[in-house]
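A short write-up of the structure that comes next.
Residue numbers (my numbering): 175 to 349.
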């Protein structure tokens, strides 16, 4: 395995930005609790770090959806692999995603979750690739806008590898 990975965003910068976003979320949800929906598998690292830094009460649930498989480009077909364990009715929901590019997955997911009657629903992402957007998605909290590169680390993978890197890196897969 000799994929070349170059650092795009350092571990320090990632941690600093998560601290800033958590402070903003804590301020906006003051006096309430926030129900985080961690989109597996990619956002688990980000969700955990974010939750640790939010100062209002936090509950957490997990959902797994896929539109990638083992490829580096979205297939456009969204599949729910694991649904939520708890109802959303009346909760202030914050969907936590690792990366938003085409917007297909999140657009589909948001429509499904809105039908479950949460009190409010917002979206938080570690990374955003707005130039790749094909479906409109309103992102409330974004840590970093990035160029159209295939990235790994901090939960993001290439064929299930590199999720555990403590930084965001650009990968050039071995051909």
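Note that the Cβ used here is the ideal one computed from N, Cα and C, for glycine as well.
### Query
From residue 183 to residue 328, what does the alpha carbon distance come to, in whole angstroms?
For the purposes of this step, residue 183 is taken as the residue at position 9 of the chain shown. For the purposes of this step, residue 328 is taken as the residue at position 154 of the chain shown. So the alpha carbons of these two residues sit roughly 10 angstroms apart.
### Message
With H, G and I counted as helix, E and B as strand and the rest as coil, what does DSSP make of residue 330?
### Response
For this step, residue 330 is matched to residue 156 along the chain shown. Residue 330 falls in the strand class under three-state DSSP.
### Message
Can you tell me whether residue 333 is buried or exposed? The criterion is at least 16 other CB atoms within 10 Å of its CB, across all chains shown.
### Response
As a working note, residue 333 is residue 159 in the chain shown. Residue 333 comes out exposed.
### Task
For my contact list, residue 274 and residue 302 are in at a C-beta cut-off of 8 angstroms; report their separation, rounded to the angstrom.
For the purposes of this step, residue 274 is taken as residue 100 along the chain shown, with counting starting at 1. For the purposes of this step, residue 302 is taken as residue 128 along the chain shown, with counting starting at 1. Confirmed, about 5 angstroms.
### Query
Does DSSP put residue 203 in a helix, in a strand, or in coil?
Taking the chain shown and counting its residues from 1, the one referred to as residue 203 is at position 29. Residue 203 falls in the coil class under three-state DSSP.
### Task
Could you give the DSSP three-state label for residue 262: helix, strand or coil?
Counting from 1 along the chain shown, the entry for residue 262 is found at position 88. DSSP places residue 262 in coil when its eight states are reduced to three.
### Message
Any contact between the stretch 290-299 and the stretch 265-281? By contact I mean 3 or more CB pairs, one from each, below 8 angstroms.
### Response
yes
### Task
Take residue 223 and list the residues in its own chain whose beta-carbon comes closer than 6 angstroms to its own, dropping the five residues that flank it on each side.
As a first step, residue 223 is located in the chain shown; it is residue number 49 there, counting from the start. So the list reads 192, once near-sequence residues are dropped.
### Task
Mark residue 264 as exposed unless 16 or more other C-beta atoms lie within 10 angstroms of its C-beta, in which case mark it buried.
Taking the chain shown and counting its residues from 1, one reaches residue 264 at position 90. Counting Cβ neighbours within 10 Å, residue 264 comes out exposed, since fewer than 16 surround it.
### Distance between residue 197 and residue 188 (C-alpha atoms, nearest Å)
Along the chain shown, one-based indexing puts residue 188 at 14. Along the chain shown, one-based indexing puts residue 197 at 23. Each residue's alpha carbon lies about 14 angstroms from the other.
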